[in-house]
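In the order they appear, the protein sequences are chains F and X.
Going by the working numbering, the first residue of the first sequence is number 6, and it counts up by one from there.
Going by the working numbering, the first residue of the second sequence is number 34, and it counts up by one from there.
Working notes, beginning with the structure itself.
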Amino acid sequence: MTRQTEKKSRVRTLLREPLLQFTVLGGALFLAWPLIQDKVAPPQNRIVITAQQMQRATDYFYQTHLRAPDPDELQPLIEDEIQTEVEFREGLALGLDRDDEIIRRRIKQKLDFMTEDVIEQAKPSDAVLQTYLDGHRDRFGAGPRIVFSQIFLDPSRHGDHLAADGAKLLARLNAGDGRLDYGVDSDTLPVPNDFEATALPDVAAMLGTEFAAALPAQPVGHWVGPIHSGYGMHLVLVREIKPGKPPELAEVRDQVLREYQADRRAEINQEAYQKMRAKYAISIQLPPPAAPDRYKPANAATVGMADDGVPK
Amino acid sequence: MNTGLKSALLLTAISVATIHTGRADTIAAKPPNTKDGQPYSIPTAKTHPIRVFWGDAHLHTEFSFDAGLMGTRLTPEDAFRFARGEEVVSTTGVPAKLRHPLDFLVVTDHSNYLGLPVALREGDPAIVADPAGKKLYDGFKQGGEAGFKLFADLAGSLSSNTPLLDTAPLLKSTWAKSVAAAEKYNEPGRFTAFIGFEWTSMPGGNNLHHNVIFRDSGEKALQVLPLTTFDSEDPEKLWAYLAAYEKKTGGQAISIPHNSNLSGGLMFADKTFGGKPFDKAYAEARAKWEPVAEITQTKGDSETDPSVSPDDEFANFERWDKTNIAGSQDDKPEDQPHNYLRPALTRGLRFEQELGANPYKYGLIGSSDNHTALSMVAADNFFGALPDAEPSPTRLNHAPLLVTKGRKPLPPPSEMASSGLAAVWATENTRESLFDAIRRREVYATTGTRITVRLFAGWDFKQGDAERSDFADYGYAHGVPMGGDLSGAHAGQKPTLVIQAAKDPDGANLDRVQVIKGWVDAQGQTHEKIFDVAWSGDRKAGADGKLPLVGSTVDVDNATYSNSIGAPVLDTAWTDPTFNPAERAYYYIRVIEIPTPRWTTIDSKRFGVALLKTVPPAVTQRAYSSPVWYAPSGT
Numbered sequence: 006m007t008r009q010t011e012k013k014s015r016v017r018t019l020l021r022e023p024l025l026q027f028t029v030l031g032g033a034l035f036l037a038w039p040l041i042q043d044k045v046a047p048p049q050n051r052i053v054i055t056a057q058q059m060q061r062a063t064d065y066f067y068q069t070h071l072r073a074p075d076p077d078e079l080q081p082l083i084e085d086e087i088q089t090e091v092e093f094r095e096g097l098a099l100g101l102d103r104d105d106e107i108i109r110r111r112i113k114q115k116l117d118f119m120t121e122d123v124i125e126q127a128k129p130s131d132a133v134l135q136t137y138l139d140g141h142r143d144r145f146g147a148g149p150r151i152v153f154s155q156i157f158l159d160p161s162r163h164g165d166h167l168a169a170d171g172a173k174l175l176a177r178l179n180a181g182d183g184r185l186d187y188g189v190d191s192d193t194l195p196v197p198n199d200f201e202a203t204a205l206p207d208v209a210a211m212l213g214t215e216f217a218a219a220l221p222a223q224p225v226g227h228w229v230g231p232i233h234s235g236y237g238m239h240l241v242l243v244r245e246i247k248p249g250k251p252p253e254l255a256e257v258r259d260q261v262l263r264e265y266q267a268d269r270r271a272e273i274n275q276e277a278y279q280k281m282r283a284k285y286a287i288s289i290q291l292p293p294p295a296a297p298d299r300y301k302p303a304n305a306a307t308v309g310m311a312d313d314g315v316p317k
Numbered sequence: 034m035n036t037g038l039k040s041a042l043l044l045t046a047i048s049v050a051t052i053h054t055g056r057a058d059t060i061a062a063k064p065p066n067t068k069d070g071q072p073y074s075i076p077t078a079k080t081h082p083i084r085v086f087w088g089d090a091h092l093h094t095e096f097s098f099d100a101g102l103m104g105t106r107l108t109p110e111d112a113f114r115f116a117r118g119e120e121v122v123s124t125t126g127v128p129a130k131l132r133h134p135l136d137f138l139v140v141t142d143h144s145n146y147l148g149l150p151v152a153l154r155e156g157d158p159a160i161v162a163d164p165a166g167k168k169l170y171d172g173f174k175q176g177g178e179a180g181f182k183l184f185a186d187l188a189g190s191l192s193s194n195t196p197l198l199d200t201a202p203l204l205k206s207t208w209a210k211s212v213a214a215a216e217k218y219n220e221p222g223r224f225t226a227f228i229g230f231e232w233t234s235m236p237g238g239n240n241l242h243h244n245v246i247f248r249d250s251g252e253k254a255l256q257v258l259p260l261t262t263f264d265s266e267d268p269e270k271l272w273a274y275l276a277a278y279e280k281k282t283g284g285q286a287i288s289i290p291h292n293s294n295l296s297g298g299l300m301f302a303d304k305t306f307g308g309k310p311f312d313k314a315y316a317e318a319r320a321k322w323e324p325v326a327e328i329t330q331t332k333g334d335s336e337t338d339p340s341v342s343p344d345d346e347f348a349n350f351e352r353w354d355k356t357n358i359a360g361s362q363d364d365k366p367e368d369q370p371h372n373y374l375r376p377a378l379t380r381g382l383r384f385e386q387e388l389g390a391n392p393y394k395y396g397l398i399g400s401s402d403n404h405t406a407l408s409m410v411a412a413d414n415f416f417g418a419l420p421d422a423e424p425s426p427t428r429l430n431h432a433p434l435l436v437t438k439g440r441k442p443l444p445p446p447s448e449m450a451s452s453g454l455a456a457v458w459a460t461e462n463t464r465e466s467l468f469d470a471i472r473r474r475e476v477y478a479t480t481g482t483r484i485t486v487r488l489f490a491g492w493d494f495k496q497g498d499a500e501r502s503d504f505a506d507y508g509y510a511h512g513v514p515m516g517g518d519l520s521g522a523h524a525g526q527k528p529t530l531v532i533q534a535a536k537d538p539d540g541a542n543l544d545r546v547q548v549i550k551g552w553v554d555a556q557g558q559t560h561e562k563i564f565d566v567a568w569s570g571d572r573k574a575g576a577d578g579k580l581p582l583v584g585s586t587v588d589v590d591n592a593t594y595s596n597s598i599g600a601p602v603l604d605t606a607w608t609d610p611t612f613n614p615a616e617r618a619y620y621y622i623r624v625i626e627i628p629t630p631r632w633t634t635i636d637s638k639r640f641g642v643a644l645l646k647t648v649p650p651a652v653t654q655r656a657y658s659s660p661v662w663y664a665p666s667g668t
């Protein structure tokens, strides 16, 4: 092959390259478009298939074929996008969107999703989360934890001697003679006598709310009582109160973020809605009074019950 | 393996898991300890459980077709937040909060039509594009009778092989949401959010419902979709599904039957779903996949029935014993022994004698089955099982639910029981620890109050052992806890049960502790007997051998009671006087509270409406322990 034919052939190959064809034609169209567009279609009838739509169509193709589409495979995808858009607009022009409950709900839902995205994506700063954590210590297990022992006096076993028996035992315990035997001194209760550092909600779960409420106020280091619970009477030795400190944000970040968002979700939704609602003047037209039997059968019937079975 | 390779593999695992769960931070189980090495919760240094964890293994949200279509608008996330103790606003706008948060919750939405109410409400394009979906959508939108028709069609289709519409895409996307909610709220050491679903089988309107609970995180649970009854109504197929799950993922899952009381005799039918006699393999599989059963819930109690246990003066408690769950079939007397757990436990012994395995080896739990996303069962804080029964001045008089021509109406909201709870003796509050305790049956049920019950059975216990200060250490060392097995009695030995029971510390005193024994004799005859073993005050058994009732302090007009009767704690060491080492037996504990106002009585007072004559003004709340089983050795 001569040098020249080689060059010609290269040019021919190049000219056959679809990419080049696209580029040249596209460039020409781009330059000419301002001149011709108004003759092709009025502005409201212009359809632009965006790069984003193209990308989505390509991605969708990839999901099923696991490869990118060839140009001739891309064309039907583009056509489909165009057809959908054309028919959608024609439908809109005919007013088919109006009075359609599905579309109404769908659009409302999309708006809700937008708010939801705002909530999910508004990544609150650590400072914001820290403030939230400080304001809701009790929700993140940050209350005091108490190391204590308890001796139980069962009212149904001590009867009228309950108070006296308790006072006597208390005096003996604080005399420090070392005689402490839970098996003898404490009545039966399926709850431990000795508690390691325990959070108050866990104390409440095992000994009831009354006991848990009284416990943190007890002095440290000697037996006190009587402390009452739903079970009866207790003598209590608080050994140590590990004061409540908020857990490090790093420790409970997930939970704080979750609760912060749950709280803010309601607020943001409400704020957003009220802002939009304020734009409207609303009047409500009541239907004429219903005929007496209008709701009778429906009322009985619609009060359905869980898991109910087979219809007629 | 070199470190680089290891971390590359780890990264791959993480990214795969991330795709599955959609949340990178929920993949690895978080360590239950805080960073200074302290347990987050109460001390857990002991290897055996030191406290009960309270929960609900059965709750529906708006994802359930029935709950959602009947108005429930609360989500699984709401359900978990509420159970953890946060305040939420109910579907009907009533603020709700628990007095004591739960320690764990399983959201068990129906797998059939999972997520459909939300899809219909939102006009999900995937659903309304389907003509069948559009029809449902139109019916739903129209409400009234059309809405009811839609609901009835949906419920009815559960018994068919074909759903009314193709729900596969919805099942997948809703399952992902359901799993994500549990992942989000699961906090090892503080609150356990299990992944689960309900498999709602009800051939002919007879209740064969089961709840599936996964031990694992979303990474494993998302490798499967919930089984529906369109796939099969046969519980053996459910077990096959569970087995396949375990094989595929290396995880664990179990299935918990509920509302046997509404099963038309089908739950404990003594033959397979296909009508074949039980064999050993069947019995073993059933005991493996169904280690526990739900004995009490809002739609009635399933312990036993007066017709089955005529000598049991406490048997008539919150019964729903007129029809099956569809109201399509009256309960026949011969079906009742197949509807309740006590007679089933007893017949299980006979099967074990014949087959070498016990198909009805059930531990016992309670749960709510509420369809409001609110797990509330306290009589004085009861939001009903459906939005229709949330607190209102009219709820006591709401009509019977689902009135269908030619069918018996099911009981009205006022006949719902404010029940129940699942109590788990576990070492710590994690999915793994709680699940393992359920699988080994170290669990019990209450009808809504927080009664503590602890039981050990052994050969060497003696008087006084129930009062030891090291009761639990000693009990585990010398016996088996509830849910356990005893065997190998030496000549002359009798089993002794050591029992501690304590009242709800924020509730009513206890009347008595009973041991319920079932056994089968050499002729294959089954027996049951109730022993009063500990009680308050100095009551003595009458000539008929029965302990007098404790009395009642209930002031019906004011809906109050007083703890001036009963005892806060009851304990005993009880040796079976009727023990025959050749006879298989089980023993479970029933703890009875003093009478307290029923929730309807409290409602009458609070709303100033007339007391109902159709329900008792007071009830005796109770706890049912899992049994301990005895088998002769070498069998």
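Using N, Cα and C, we set each Cβ at its ideal position, and we do this for glycine too.
Since the model is a prediction, treat every value here as computed from it, not as a measurement.
Query raised in the report: Exposed or buried, what is leucine 116 of chain F when buried is set at 16 or more other beta-carbons lying within 10 Å of its beta-carbon?
Result: Exposed.
Report task. For proline 660 of chain X, collect the residues of the same chain with a Cβ closer than 7 Å to its Cβ; drop the 5 residues on either side in sequence, then sort them by chain order. Result -> Leu378, Tyr619, Tyr620, Tyr621
**Report entry** Assigned exposure category for threonine 634 of chain X - 16 Cβ within 10 Å defines buried
**Finding:** buried
Query raised in the report: In chain F, which residues lie less than 9 Å from histidine 133 of chain X when you measure between Cβ atoms?
Result: Pro206, Ala209, Ala210, Thr214
Requested in this report: Return the chain-ordered ranges of every alpha helix (DSSP H) run that is complete within the stretch 89-159 of chain X and spans a minimum of 4 residues.
Outcome: 98-102, 109-116, 149-154
Query - Alpha-carbon to alpha-carbon, leucine 147 of chain X and lysine 280 of chain F - result: 35 Å
Requested in this report: Just mark glutamine 496 of chain X as buried or exposed, buried being the case when its beta carbon has 16 or more other beta carbons within 10 Å.
Outcome: In this structure glutamine 496 of chain X is exposed. Its beta-carbon is surrounded by fewer than 16 other beta-carbon atoms within 10 angstroms.
Query raised in the report: From the beta carbon of isoleucine 124 of chain F, is the nearest beta carbon of chain X less than 7 Å away?
Result: no
Report task. Would you give the residue range spanned by the beta strand (DSSP E) that glutamine 275 of chain F belongs to? Result -> That residue, glutamine 275 of chain F, is in no beta strand (DSSP E); its alpha helix (DSSP H) goes 254-282.
Query - Three-state secondary structure assigned by DSSP to glycine 25 of chain X - result: Past the edges of chain X, shown from 34 to 668, lies residue 25 of chain X, and the structure says nothing about it.
Requested in this report: Go through the stretch 104-162 of chain F residue by residue and report every complete run of the alpha helix (DSSP H) that reaches 4 residues or more, in order.
Outcome: 106-126, 131-140
Query raised in the report: What does tyrosine 187 of chain F touch in chain C if you count any residue whose Cβ is under 8 Å from its own?
Result: The structure shown contains no chain C; the protein chains it does contain are F and X.
Report task. Kindly indicate if chain F contains any beta-carbon less than 7 Å away from that of threonine 405 of chain X. Result -> no
**Report entry** Contiguous beta strand (DSSP E) assignments of at least 3 residues, all confined to the stretch 270-297 of chain X
**Finding:** 286-290
Query raised in the report: Quick one, are the C-beta atoms of valine 243 of chain F and glutamine 155 of chain F less than 7 Å apart?
Result: no
Query - Backbone CA spacing between valine 122 of chain X and proline 128 of chain X [nearest angstrom] - result: Taking the straight line joining both Cα atoms gives about 4 Å.
**Report entry** Neighbour list for alanine 267 of chain F in chain X, Cβ cutoff strictly below 7 Å
**Finding:** Arg114
Query raised in the report: Where does the unbroken beta strand (DSSP E) through isoleucine 83 of chain F begin, and where does it stop?
Result: Isoleucine 83 of chain F -> not in any beta strand (DSSP E); alpha helix (DSSP H) instead, spanning 76-98.
Query - chain F residues whose Cβ lies nearer than 9 Å to that of valine 602 of chain X - result: Phe157, Asp159, Ser161, Arg162, Asp192, Thr193, Leu194, Pro195, Tyr236, Gly237, listed in chain order.
Query raised in the report: In its own chain, which residues sit with a C-beta less than 7 Å from the C-beta of isoleucine 124 of chain F, not counting the 5 before and 5 after it?
Result: Gln266, Arg269, Arg270, Ile273
Requested in this report: Determine, using beta carbons only, whether glycine 381 of chain X and lysine 313 of chain X come nearer to each other than 7 Å.
Outcome: no
Requested in this report: Within the stretch 314-389 of chain X, note down every full beta strand (DSSP E) run reaching 3 residues or more, in order along the chain.
Outcome: 325-330
Report task. Taking lysine 217 of chain X as the reference, give the member of F/Ala222, F/Met119, F/Asp190, F/Arg258 with the closest Cα. Result -> F/Arg258
Query raised in the report: For the stretch 538-560 of chain X, which residues have a CB atom closer than 9 Å to at least one CB atom of chain F, in sequence order?
Result: Taking 9 Å as the Cβ-Cβ cut-off against chain F, the residues of the stretch 538-560 of chain X that qualify are Pro538, Asp539, Gly540, Asn542.
Report task. Could you check the C-alpha separation between tryptophan 662 of chain X and glutamate 245 of chain F for me, to the nearest Å? Result -> 44 Å
Requested in this report: With DSSP as the reference, label tryptophan 492 of chain X as helix, strand or coil.
Outcome: coil
Query raised in the report: What are the start and end residues of the alpha helix (DSSP H) that includes arginine 61 of chain F?
Result: Counting along the chain, the alpha helix (DSSP H) containing arginine 61 of chain F begins and ends at 56-70.
Query - Which listed residue (X/Glu120, X/Leu102, X/Phe230, X/Ser585) has its alpha carbon closest to that of phenylalanine 173 of chain X - result: X/Leu102
Query - Supposed contact pair serine 408 of chain X and alanine 116 of chain X - C-beta distance, whole angstroms, cut 8 Å - result: 5 Å
Query raised in the report: Do you know offhand how far tryptophan 632 of chain X's Cα is from glycine 298 of chain X's?
Result: Taking the straight line joining both Cα atoms gives about 29 Å.
Query raised in the report: Looking at the structure shown, is serine 658 of chain X part of a helix, part of a strand, or coil, going by DSSP?
Result: Serine 658 of chain X falls in the strand class under three-state DSSP.
Query - In chain order, each beta strand (DSSP E) run of at least 3 residues that lies wholly inside the stretch 471-542 of chain X - result: 476-479, 485-491, 518-520, 529-535
Requested in this report: Establish whether the CB of glutamate 121 of chain F and some CB of chain X are separated by less than 7 Å.
Outcome: Chain X has no Cβ within less than 7 Å of the Cβ of glutamate 121 of chain F.
Query raised in the report: For threonine 608 of chain X, which residues in chain F fall below 9 Å Cβ to Cβ?
Result: Under the 9 Å cutoff, chain F gives no residues; its nearest Cβ is about 18 Å from threonine 608 of chain X.
Query raised in the report: Which residue or residues does DSSP assign as beta-bridge partners of proline 630 of chain X?
Result: Partner(s): X/Ala651.
Query raised in the report: Are the C-beta of arginine 84 of chain X and some C-beta of chain F separated by less than 7 Å?
Result: yes
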